[in-house]
Amino acid sequence: MAEDEQSGIEPRSFLTCVTELAQLLGVEDVGMEPEDRYARHLAHAVRKPLLGRASLPDEWFVPLMAAAVHDPDPSFCRWFVEPAVYAFGRRRVMAALVDYLRVGTDAERAGAVRAWYSAHVPLRADRSPAFGPGGVRDPALDESQDIKAAWLEASLRVFAEATDLRMRHRVLLGLPTSRAAYPPHLHELLESTRTSAGVHPDPHIRRWAAAADREEV
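Here you go:
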């Protein structure tokens with residue numbers, strides 16, 4: 011089920027993204043579908059070709075990530091994130107999502123939050139030929155601990171700066187409540203976030219702060 015229609019991402023923007031990918035892949039017109047379903051139908055048509063390639067051209071990375079971020083359905087953005095992780099590495103994909111979270115529009119930030127979950131997809135040699143030559147993968151492609159720390163920091167800062175309540179929900183409620191999950195250099199920022207969340211008028215945000223407080227006991 012697509013995220014609420016008030017997400018800020020227009021379906022036509024997603025259609026533009028998947029149309030570009032279809033053109034890059036040489037996917038033919040998938041037939042006459044109602045306009046509200048055409049983008050999803052086209053996305054389905056490019057899914058298997060993307061995952062079935064042993065490699066993807068470097069210039070496809072930006073369109074692929076744009077499709078992932080602009081996909082309004084959190085159940086399906088994995089169709090774009092997963093082939094990107096296999097072909098370009100988890101590190102590069104996560105770094106791109108951090109950039110969207112830092113400097114994107116609210117709609118792009120919301121899309122990055124949805125796609126972040128899919129960026130943790132487990133990798134298997136039999137899932138895609140892009141895993142690596144002979145089933146061997148360079149571990150440097152997927153080294154991402156510092157990128158995960160950057161995501162935590164960006165999320166905390168977006169919570170502090172965002173004026174839209176839905177955006178504050180998205181970034182905060184997906185964050186761990188345990189202090190141990192954050193590197194030491196983020197502890198001060200975490201504490202200020204917890205304090206702010208604890209007095210926030212929204213009950214869901216206060217509940218996150220209460221859970222964080224219990225982790226400290």
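Take the sequence shown: its letters are residues 11 to 227, numbered as in our numbering. Even for Gly, the Cβ is constructed at its ideal location relative to N, Cα and C.
First and last residue of the uninterrupted alpha helix (DSSP H) at residue i
i	result
ARG189	Segment: none, ARG189 is in no alpha helix (DSSP H) and carries neither H nor E.
ALA105	100-113
GLY121	116-128
THR205	197-208
PRO73	71-80
Cα-Cα separation, residue i to residue j
i	j	result
THR203	LEU185	11 Å
ALA164	VAL113	10 Å
HIS51	ARG147	32 Å
PHE71	GLU201	36 Å
PHE141	GLU69	19 Å
GLN16	PHE24	Only weak support is given to the placement of GLN16: the predicted model assigns it a pLDDT of 42, under 50, and the value that follows is read from those uncertain coordinates. If you take the alpha carbons of GLN16 and PHE24, they lie about 15 Å apart.
GLU225	LEU199	16 Å
ALA122	PRO59	23 Å
ALA49	TRP218	36 Å
LEU182	THR205	13 Å
HIS179	MET104	20 Å
VAL95	ALA191	23 Å
LEU31	VAL209	45 Å
VAL168	HIS214	17 Å
GLY36	LEU61	15 Å
Buried/exposed call for residue i, threshold 16 Cβ in 10 Å
i	result
GLY144	exposed
ALA135	exposed
PRO93	buried
GLU38	exposed
ALA78	buried
THR187	buried
TYR127	exposed
GLU171	exposed
Cut-off 6 Å between Cβ atoms - residues of its own chain near residue i, not counting five sequence neighbours on either side
i	result
PRO211	none
ASP223	none
PHE98	PHE71
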